[in-house]
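Trainee:
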Amino acid sequence: MLQNDNEHQWIANALGLKNDDAPFPWQLRLYDDFKKGKIHRLLDIPTGLGKTGIMALWLVARAVNAPLPRRLIYIVDRRAVVDQATKEALKLREFVENTPEIKKKLRLDTHKLPISTLRGQFTDNREWLENPTLPAIIVGTIDMIGSRLLFEGYGVSRKMRPYHAALLGTDTLFVLDEAHLVPPFEKLLETIADNRTALGPHDDSRGTLISPFKFMAMSATGQQNSGSVFSIDEEDLRDGTKTARRLNATKRIIIEDIEEGKDLSDVLAERAWVLANEGKTAVKIVVFCDKRTDAMNVKKEIEKRAKGNKKEGVPAVKIESQLLVGARRVYEREMVANWLKAHGFIAGSDIPMERPTFLIATSAGEVGVDLDADHMVSDLVAWERMVQRLGRVNRFGNGDANVKVIVSYDKKIKDKEREMLNSTRKLFEALPEKNGIRSGSPQILCNLKSKATTDDELKSLFEKAITPSPLRPALTRPLVDAWSMTSLKEHTGRPEIGPWLRGWVDDKPRVSVIWRKYLPIRWCGNRRIEVSSNEIESFFEVARPHMSEMLETESFQVVDWLKKRAKKLEPDQKIGTSIDLDKDELTELPSLQEDDIVAIILSPAGDFKKSLTLSNLLQKEEKLEDLSSSCAIVLDIRIGGLRDGLLDQDEKSIPRTTDDGQPWMQDNSETTQTVPIIQFRVRTMKEGMDGDADTQWHESPRFPTKVTEDDEPVEWFVIEKWGGRSRSTGYLQLLDVHKEEVEKRAQSIADGLSLPKEYADMLRITAKLHDEGKRASHWQMAFNAPHDGIYAKTKGPINQNLLDNYRHELGSLLEAEKDKELLALPQDFRELALHLIISHHGYARPIITTHGCDEAPPSVLNEKTKEISLRFARLQKQWGPWGLAWWESLLRTADQQASRESETANHTKLNGGL
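Residue numbers for the sequence shown, in my numbering: 165 to 1078.
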């Protein structure tokens, strides 16, 4: 062992262990490897043995100067109701705050450990973007992390995509949990990690300047891997250890064929009821169902049994029950997370049971949630999924679990699927058996897998029992180059990234459904006015859909639900509300009319695709072909149809929304800034009304909702962004002051990354010149700057017509080309500096508009745009897609840090220095 006493104590504290507890032996061995900079390709550890502790091991190793990446990216496949990985990361933040020596070693100083999660309640607080010199932990799903890595960030504006890709694609350790579930994504990450020559800088000297991308997969199913595999050994298996107890946890399995004519959901419910002693024993039972409809029926049947039967003299009993399924809005999913915790279903809970408690789950409960039940009932699915399900019962080996597996074949089942299920059953039959009961402890499952290495028949069964990996396209440099051209709205060589993340699958397209009170719709009297696609996209760029308000499910189900829901919405009928509206608002919402726009469809990039009226939904010929995979459909709140976070065609009540003016969820993430979860708000304003004096919210361009016949606005939506994220308006700062602040931040970043002096000087020069284009008189006038100086920050409002789409970065570039200090730089450094200046707001990849720029004739500007595009191509070839984006991120970070700190100081001054 390489740990000293201090390190051993730090590891124990970081893992959250009690005084009489100790780390698993495998954790200490992995830490020793981390200290040496060794990163295995696969971590093969059974469920329940603390795999998420890898974050703690990485953090402590980083603190003792181990040669490990600066950022850890922890990826889980499903948006589970409880983000256990995030909770573990938040515990690490607390550990760092309580351990000054660790905090000092990590160079966090006045900062807290940045923790960001790209989903659910903790959806991207952007802490990970605020300082590339600090360690950070980012937790997210494959779609949210993978899309950002490939410059196609779902829900991320084109301007921000290179920034996200930069800090994910460099100096990062990607940890993919339950990797066996997503082989295509595993292979994608392997390709990026192992093909640095093809996908990274073309010059080795440049490659050593930027810390590379590293990857480790984790699985509890004993999957095969050609790289270095880290697993448990004899030390972990010693009798009497915590590891041995968990590996040998009692799980008595009975395989049962369903009787002909019996309904699967009825049988699953009946077996669960029997395990609870017909409601007389206070136990926790999890019931796993492959289909959501079966899960819902099981819940209804269990609840029906609990009501008793007066005619037969069966008394009612009190039980608790809950569904854990996909296709549920995240807002309500977090409520389910609280239910799981309150009812003792989270591993390690010591909450006393008062009555039988049933959790009915689909695949949503198989991964990403530290479930722990007393007993389990399950239908038969693929082997790797059965292993995951078994890991959700008697997790710590302290109980005596009974497991009922019900075998039932759908009449429409395909031959390949039947063969897979038959093979899974045979694997269960290969487990040790006594009196018809088989043992399914983690150790026995591992032994079975090990035996298959020398038993060809058993090996064949495993191959047939596991869900086949989907075919996947290869990742090539031209593809990444095409995706990285983020300033191009359209690119014929830029395909949808879905197949690279999940392979070519037969799954039906999935969409995200969002309910909103305010939609970008405009009226003139009783006549609806057409709104341009640019206005709609601008509206949703500010009032951006948030993960917590999304319900993701198959598009065909949404279409069916939406059409049925439309038929139930009769025009001229008042619509009720479940919102606690303020007293000065109506208690009823106006009825929907057939010509009302009730849905707006957006692409994954936020581009407007189509709007639908109630009449459209009522038309049989309306196919809704625009509901393609990954798009979002934003619905009028009056559509309703949401019950407990699930689609319900009969539900009339109005759901909560992010823009209804009421508090949205409780943020317990203890982020370094006190910010609202939803960082925009929308309110209506009529002509003659005063604005809001709240200095924490910054107004974006207003959206006119009512206009006169002369197209004069008389009523608006006022959309405001939280001050912590809106840096360009709201306070005054002179340009020279801003430049000086950005220079300081750029030098600090260079020092924090230990950049060679020549690169640090180049970065400082770009900071000095990046905003010179704001000196243009029409920029100053358009931003309503005072006349007593040249300003970089103003209070606005912005006159968009006067601005004429002018990009100050172009003006900055023209000035920089004349700067003596920049011209004195070597050619390669000068080229990079010019690109950083022109791209520091996410444009010039590879194009930028010349509109509104009067610093040079049109012919000169056209030549400049060609130079800009060619320079981007040259630098991308030299530094690689992620390497060039990384350089851009350094200047952008310095700029944002300076703006954020100046804004904070200004806000403090306005509030009397408090």
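Glycine included, every Cβ here is placed at the ideal spot set by N, Cα and C.
How about I466 and F377: do their beta carbons lie closer than 8 angstroms?
Mentor: As a first step, residue 466 is located in the sequence shown; it is residue number 302 there, counting from the start. As a first step, residue 377 is located in the sequence shown; it is residue number 213 there, counting from the start. No, Cβ-Cβ distance for I466 and F377 is not below 8 angstroms.
Trainee: Within the continuous beta strand (DSSP E) that includes V569, where are the two ends?
Mentor: Your numbering for residue 569 matches position 405 in the sequence shown. Looking at the DSSP string, the run of the beta strand (DSSP E) that includes V569 is A565 to V571.
Trainee: Name the one or two DSSP bridge partners that F867 has.
Mentor: As a first step, residue 867 must be located in the sequence shown, where it is residue number 703. According to DSSP, which records beta bridges pairwise, F867 is partnered with F881.
Trainee: Flag this pair as yes or no: are the beta carbons of I570 and R519 separated by less than 8 angstroms?
Mentor: What you label residue 570 is simply residue 406 of the sequence shown in a count that begins at 1. What you label residue 519 is simply residue 355 of the sequence shown in a count that begins at 1. No, the pair does not count as a contact, with Cβ atoms beyond the cut-off.
Trainee: In the DSSP assignment, the beta strand (DSSP E) including R193 goes from what residue to what residue?
Mentor: If you number the sequence shown from 1, residue 193 lands on position 29. Segment P189 to K199 is the alpha helix (DSSP H) holding R193; no beta strand (DSSP E) there.
Trainee: When you compare only the Cα positions, how much space is there between N566 and L625?
Mentor: For this step, residue 566 is matched to residue 402 along the sequence shown. For this step, residue 625 is matched to residue 461 along the sequence shown. Roughly 25 angstroms separates the two Cα atoms.
Trainee: Kindly indicate which residue of M380, A491, A186 and R909 has the alpha-carbon position closest to the one of E1079.
Mentor: Since the displayed the chain opens at 165 and closes at 1078, residue 1079 lies outside it and no answer follows.
Trainee: N177 to A646, Cα distance in whole Å?
Mentor: The residue you call residue 177 lines up with position 13 of the sequence shown. The residue you call residue 646 lines up with position 482 of the sequence shown. Spanning the two alpha carbons is a distance of roughly 45 angstroms.
Trainee: Could I get the ranges of all uninterrupted beta strand (DSSP E) runs contained in the stretch 318-349, with 3 residues as the minimum, in chain order?
Mentor: Correct list: 336-340.
Trainee: Quick one: grab the DSSP three-state call for D670.
Mentor: Taking the sequence shown and counting its residues from 1, the one referred to as residue 670 is at position 506. Coil.
Trainee: From Q826 to R680, what does the alpha carbon distance come to, in whole angstroms?
Mentor: In the sequence shown, the residue the question calls residue 826 occupies position 662. In the sequence shown, the residue the question calls residue 680 occupies position 516. Going by the C-alpha atoms only, they are around 13 angstroms apart.
Trainee: Taking buried to mean at least 16 other C-beta atoms within 10 Å of its own C-beta, is V303 buried or exposed?
Mentor: Within the sequence shown, residue 303 is the residue found at index 139, counting from 1. With 16 or more Cβ atoms within 10 Å of its Cβ, V303 is classed as buried.
Trainee: At which residue ranges does the stretch 519-606 contain complete beta strand (DSSP E) runs of 3 or more residues, listed in the order of the chain?
Mentor: Complete beta strand (DSSP E) runs here, min 3: 521-525, 539-543, 565-571 and 601-603.
Trainee: Which residues in the same chain as R602 place their Cβ atom closer than 8 angstroms to its Cβ, once the five residues preceding and following it in sequence are excluded?
Mentor: Here residue 602 refers to the residue found at position 438 when the sequence shown is read from its first residue. Within the same chain, R602 has close Cβ partners R416, I417, I418, I419, F592, E593, L595 and P596.
Trainee: Would you check if the distance between the CB atom of W1050 and the CB atom of A300 is smaller than 8 angstroms?
Mentor: The residue you call residue 1050 lines up with position 886 of the sequence shown. The residue you call residue 300 lines up with position 136 of the sequence shown. No, these two residues do not count as a Cβ contact at 8 angstroms.
Trainee: Please determine, among H1015, A227 and L313, the residue with the shortest C-alpha to C-alpha distance to I1099.
Mentor: The structure shown does not extend to residue 1099, since the chain is modelled only from 165 through 1078, so no value can be given for it.
Trainee: Measure the Cβ-Cβ separation of K215 and L207 and say whether it is below 8 angstroms.
Mentor: Counting from 1 along the sequence shown, the entry for residue 215 is found at position 51. Counting from 1 along the sequence shown, the entry for residue 207 is found at position 43. Yes, the pair counts as a contact, with Cβ atoms nearer than the cut-off.
Trainee: Please state if the CB of V478 and the CB of A433 are separated by a distance shorter than 8 angstroms.
Mentor: Looking up residue 433 in the sequence shown gives position 269. Looking up residue 478 in the sequence shown gives position 314. No. Outside cutoff.
Trainee: Rounded to the nearest angstrom, how far is the Cβ of A120 from that of L776, given a contact under 8 angstroms?
Mentor: With the chain running from 165 to 1078 in the structure shown, residue 120 is simply not present.
Trainee: Could you spell out the range, first to last residue, of the alpha helix (DSSP H) harbouring W105?
Mentor: Summary: the structure shown does not reach residue 105, with the chain confined to residues 165 through 1078, and so no result is reported for it.
Trainee: Check whether the stretch 961-978 touches the stretch 936-950, taking contact to mean three or more Cβ pairs, one atom from each stretch, closer than 8 angstroms.
Mentor: In short, these stretches touch, since the Cβ pair count reaches three.
Trainee: Hey, quick one: how far does the beta strand (DSSP E) through K957 stretch, first residue to last?
Mentor: Here residue 957 corresponds to residue number 793 of the sequence shown, with the count starting at 1. K957 -> beta strand (DSSP E) spans Y955 to K957.
Trainee: Rounded to whole angstroms, what is the Cα-Cα separation between E1158 and K773?
Mentor: Because the chain here runs from 165 to 1078, residue 1158 falls outside it and cannot be looked at.
Trainee: Terminal residues of the continuous beta strand (DSSP E) containing G180?
Mentor: Here the question's residue 180 lines up with position 16 in the sequence shown. G180 -> no beta strand (DSSP E), and no H or E assigned at all.
Trainee: Under 8 angstroms, do W725 and D400 count as touching if we go by C-beta distance?
Mentor: Reading the sequence shown from its first residue, position 561 is the one you call residue 725. Reading the sequence shown from its first residue, position 236 is the one you call residue 400. No, these two residues do not count as a Cβ contact at 8 angstroms.
Trainee: My assumption, with CB atoms under 8 angstroms, is that G809 sits in contact with R456. Please give the rounded CB distance.
Mentor: Within the sequence shown, the letter at position 645 stands for residue 809. Within the sequence shown, the letter at position 292 stands for residue 456. Incorrect: roughly 13 angstroms between the Cβ atoms, too far for contact.
Trainee: Excluding the 5 residues preceding and the 5 following Q1040 in the sequence, name in chain order all residues of the same chain whose CB lies nearer than 6 angstroms to its CB.
Mentor: One-based indexing of the sequence shown puts residue 1040 at position 876. The answer, listed in chain order, is L1048.
Trainee: Taking the alpha-carbon positions, what's the G1044 to T334 distance?
Mentor: The count along the sequence shown starts at 1 and reaches residue 1044 at position 880. The count along the sequence shown starts at 1 and reaches residue 334 at position 170. Approximately 11 angstroms between the Cα atoms of the pair.
Trainee: Distance, Cα to Cα, H1005 vs S755?
Mentor: Taking the first residue of the sequence shown as 1, we reach residue 1005 at position 841. Taking the first residue of the sequence shown as 1, we reach residue 755 at position 591. Whole-angstrom Cα-Cα distance: 43 angstroms.
Trainee: According to DSSP, is G916 part of a helix, a strand, or is it coil?
Mentor: Indexing the sequence shown from 1 puts residue 916 at position 752. If DSSP states are grouped into helix, strand and coil, G916 belongs with the helices.
Trainee: Can you check whether the CB of I913 is closer than 8 angstroms to the CB of P278?
Mentor: Along the sequence shown, read from residue 1 onward, the residue named residue 278 stands at position 114. Along the sequence shown, read from residue 1 onward, the residue named residue 913 stands at position 749. Contact: no.
Trainee: May I ask you to report which of helix, strand or coil DSSP gives Y923?
Mentor: Numbered from its first residue, the sequence shown carries residue 923 at position 759. Correct three-state label for Y923: helix.
Trainee: In the DSSP output, which residue or residues are listed as bridge partners for M380?
Mentor: For the purposes of this step, residue 380 is taken as the residue at position 216 of the sequence shown. Answer is V339, bridged to M380.
Trainee: By the three-class DSSP mapping on this structure, what secondary structure does G657 have?
Mentor: Sequence index remark: in the sequence shown, residue 657 carries index 493 (1-based). Coil at G657, not helix or strand.
Trainee: Is the beta carbon of K628 closer than 8 angstroms to that of S587?
Mentor: Indexing the sequence shown from 1 puts residue 587 at position 423. Indexing the sequence shown from 1 puts residue 628 at position 464. Closer than 8 angstroms, so yes.
Trainee: Where do the ends of the beta strand (DSSP E) carrying L1039 lie?
Mentor: For the purposes of this step, residue 1039 is taken as residue 875 along the sequence shown, with counting starting at 1. Looking at the DSSP string, L1039 is not in any beta strand (DSSP E); the run it does join, the alpha helix (DSSP H), is P1022 to W1043.
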